[in-house]
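Asker: Take the sequence shown: its letters are residues 258 to 545, numbered as in this note's numbering.
Note that beta-carbon positions come from the ideal geometry of N, C-alpha and C, so glycine has one too.
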Amino acid sequence: PPPPPPPPPTVGEVFGTPQGQDGGEAGESLVSGTLTAAAATTAGAQRQGCMEDGQDPPRAPAQSGFAPTMPKEGIIECPPALPFILSGDIVSKRGLQLDNKWLDTHVPALISNQDPTAIQYLTSAEYVAVKAIAGGLHGLLQELTDAQVFASEHVKRDVEGVYRFVGKNLTVLGPEKVPTPSAAFQLALQEPDDLTFSKSASAYREKFNVMEWLNKPEGLGPCVMRLDFGLAVASVAISPDGKLMASAVGKNIIVVDRITGEVKGTLKGHSDEVNCVAYSPDGKRIAS
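(1) For the beta strand (DSSP E) containing Arg483, name the first residue and the last one.
(2) For Lys534 versus Ser496, is the C-beta distance shorter than 8 Å?
(3) Can you tell me whether Ser457 is buried or exposed? The criterion is at least 16 other CB atoms within 10 Å of its CB, across all chains shown.
(4) Got a sec, what are the start and stop residues for the beta strand (DSSP E) Ile511 sits in?
(5) Where DSSP assigns a beta bridge to Val506, which residues make up the other side?
(6) Please go through the segment 436 to 471 and give each complete alpha helix (DSSP H) segment of 4 or more residues, from N-terminal end onward.
(7) When DSSP builds the beta bridges, which residues end up paired with Ser354?
(8) Grouping DSSP H, G and I as helix and E and B as strand, with all else coil, what is Thr523?
(9) Is Ala389 helix, strand or coil when you go by DSSP?
(10) Is it true that the CB of Val467 sits closer than 8 Å to the CB of Arg421?
(11) Taking 8 Å as the cut-off, decide whether the C-beta atoms of Ala445 and Ala382 are in contact.
(12) Are the Cβ atoms of Lys500 and Val512 separated by less than 8 Å?
(13) Answer with buried or exposed for Glu410, where buried requires no fewer than 16 other C-beta atoms within 10 angstroms of its C-beta.
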C-alpha cells in the first residue's frame, strides 16, 4: 500500500523564515517627514500556484534562492510567485526578461481591490529591483502610497521603509543609473535588519559580493526623498494641497510630484538665478 501522506507543514516550512543619514549635498532637494504607509511581507519564488484543499503546498524552483518571510499576524495563505520575471537571473540580470505589462497593471489592480497580496509584492526586494530595471520607480512610490489605505497597523513600518528606500535612491537606481546589476539588493542590505524588505534581499547574499556596513542604521532615518537636479537648490515650496513641490534651481523652477518625485514641468525665463519660490494660498500660482 502507498505510504501515508506526510503531516501538513508548518507556516515556517511552507514559506521559509530567513534570519534575519541622510544629509543632502549641493544639488539635492530633501523632503523629510513621516509616511503613513502599509506593508506586509515578501513574495514567493518564480511561478507557483495557490494551495488548495488536498494539495501539497507549491514549492519554488531551487534556482531562485528565495524564502519569503511572513508576518506573525494576518498570514496570507496564498503568497504570490514572481510572475513578472519571464526568464533570467534577477541579480546579475543575465538573460533577464520581464513582463512589463504585468508590472504596469497587476499590483495597481490589487491595490484598487484592497487585496493584501499587493503588500507582499511591494515589500519584496525582487519587486523593487525589477521596477527599478523597468524604469518604474515613480510608479512604485505611488503604489506604496495608495496601499496605505488598507494596511494593517503591524506592517505600516515595512512599507514606510520601502518608500523611503526608493525615495532616497531615485538618483542611483533605474535602468540607466544602476552602477552594478546587484545595486538594488546591496542597497537594501543597508536598511534596518528588522524590515521585511531587507530580509528578502538577504536571501540573495550568495549571488553577489556583499559589502557589509559598520554603523548600519537600526531605525528609519528622516530622509524621505532625494532629488538630484544637477545644480544647487536655493528654495523649496510645497503646494497647499501637498501634491506638488517647486524648487528654485539655477535660473529655473522645477515642479515635481511630491509623492513620486516625477518632474511635472520646468518653468524657464528668469534672467538670473532664482533665490526664492512660494505658492499662492489657492495653489494655482507660483511666485519667484
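Answerer: So, to answer that:
(1) Its beta strand (DSSP E) spans residues 480 to 485.
(2) In the sequence as displayed, the identity of residue 534 is Val instead of Lys. For Val534 and Ser496, no; Cβs fall outside 8 Å.
(3) A buried status is given to Ser457, since no fewer than 16 other beta-carbon atoms sit within 10 Å of its beta-carbon.
(4) 509 to 514
(5) Val490, Asn509
(6) 440 to 445, 453 to 459
(7) Ser is not the amino acid found at residue 354; the sequence shown has Gln there. In DSSP, Gln354 forms a bridge with Ser344.
(8) strand
(9) Three-state result, Ala389: helix.
(10) no
(11) Between Ala445 and Ala382, the C-beta spacing is below 8 Å.
(12) No.
(13) exposed
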